[in-house]
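Some notes on the structure that comes next.
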Amino acid sequence: MTTIADINDKGAANAGPGGWNDPDMLEVGNGGMTYEEYRAHFSIWALMRAPLLVGCDVRNMTPETYEILTNEEAVAVNQDPLGVQGRKVDTQGPDGCYQHDYVSLNSITSFNAEVESHACQMYIFTPAGAASAA
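With the working numbering, letter number 134 in the sequence shown gets 128, and the count goes up by one each step, no holes.
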């Protein structure tokens, strides 16, 4: 999974409306991975702005598979109207760290998190003014 992400990262600058990088089939729900691996797989594909075409038998998907495939935050990152693909920003550890650059350059704080191997965590940041205006 991360090898495919690394290959796809090389073409990230060329991705955008009218032309998306396609890292291959979305395998969530097809068997052979743990729940955490499926979550990581879906999140990586969403971050890469890959076409999120369900590759499993939807008639027989588990509730866990449905939960992953309908994760609103991951789908929102994938469907970002600016068409920005996530890029590899750090190479510490065996797999590195990817991020979706949709954070303002005026950010005044930093954020750090560690995630277990094959686990996945997505953080959505909202500017303070936007949260109070909603």
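For glycine and all other residues, C-beta sits at the position ideal for the given N, C-alpha and C.
Given the structure is predicted, the values throughout are model-derived calculations rather than measurements.
**Report entry** Close-in-space but distant-in-sequence residues of the same chain around Leu99 (CB under 6 Å, 5 per side omitted)
**Finding:** For the purposes of this step, residue 99 is taken as residue 105 along the sequence shown, with counting starting at 1. Interpretation of Leu99 is limited by its pLDDT of 48, a score under 50 that renders its predicted location unreliable; the figure taken from the coordinates is listed afterwards. Cβ within range, chain order: n/a, list empty.
**Report entry** Identity of the residue in His35, Ala7, Glu30 and Thr28 nearest Asp18 by Cα
**Finding:** Indexing the sequence shown from 1 puts residue 18 at position 24. Here the closest residue by C-alpha is His35.
Query raised in the report: Secondary structure at Arg33, three-state DSSP: helix, strand or coil?
Result: On the sequence shown, position 39 is the one that residue 33 refers to. Note: Arg33 maps to helix in three-state DSSP.
**Report entry** Sub-8 Å separation of Gly49 and Glu21 beta-carbons
**Finding:** The residue given as residue 49 occupies position 55 in the sequence shown. The residue given as residue 21 occupies position 27 in the sequence shown. The answer is yes: Cβ separation under 8 Å.
**Report entry** Residue from Val52, Arg81 and Tyr29 whose Cα sits closest to the Cα of Glu58
**Finding:** For the purposes of this step, residue 58 is identified with residue 64 of the sequence shown, where counting begins at 1. Closest by alpha carbon: Tyr29.
Query raised in the report: Would a C-beta distance cut-off of 8 Å place Gly80 and Leu41 closer than the cut-off?
Result: Within the sequence shown, the letter at position 86 stands for residue 80. Within the sequence shown, the letter at position 47 stands for residue 41. Yes, Cβ-Cβ distance for Gly80 and Leu41 is below 8 Å.
Query raised in the report: Just the Cα atoms here: how many angstroms apart are Gly23 and Thr56?
Result: Position 29 of the sequence shown, counted from the first residue, corresponds to residue 23. Position 62 of the sequence shown, counted from the first residue, corresponds to residue 56. Distance between the alpha carbons of Gly23 and Thr56 is about 8 Å.
Query - Nearest-angstrom Cα separation, counted from Ala70 out to Thr64 - result: For the purposes of this step, residue 64 is taken as residue 70 along the sequence shown, with counting starting at 1. For the purposes of this step, residue 70 is taken as residue 76 along the sequence shown, with counting starting at 1. Their backbone Cα atoms lie some 10 Å apart in a straight line.
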